[in-house]
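Below is one structure, written out as structure tokens; the observations come after it.
Numbering (full-length UniProt numbering), first residue to last: 1 to 67.
Written as structure tokens, this is what we have:
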């Protein structure tokens with residue numbers, strides 16, 4: 001099942017989570033200053049979403065934590 005993730009930037013940096021997580025973050029007033037949507041990603045898994053997020057941000061390739 002595809003899930004939509006969002007990357008938001010505020011005065012503290014970048015927050016990346018699924019849409020429900022972002023909604024909870026907003027509802028609790030946890031963004032500082034003006035938050036700006038950077039991008040959305042639709043993916044099958046959190047790892048796939050994080051890999052795409054790293055590419056869009058121009059960061060090093062995402063490496064999932066080892067078990």
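Every residue, glycine too, gets a C-beta built ideally from N, C-alpha and C.
- With fewer than 16 other Cβ atoms from the protein chains shown falling within 10 Å of its own Cβ, residue 39 counts as exposed.
- Going by DSSP, residue 10 is part of the beta strand (DSSP E) stretching over 3-10.
- With fewer than 16 other Cβ atoms inside 10 Å of its own Cβ, residue 60 counts as exposed.
- Distance from the CA atom of residue 37 to the CA atom of residue 67, rounded to whole angstroms, is 32 Å.
- Bridge partners of residue 36 according to DSSP: 9.
- In the DSSP annotation of this structure, residue 58 is not part of any alpha helix (DSSP H), being labelled neither H nor E.
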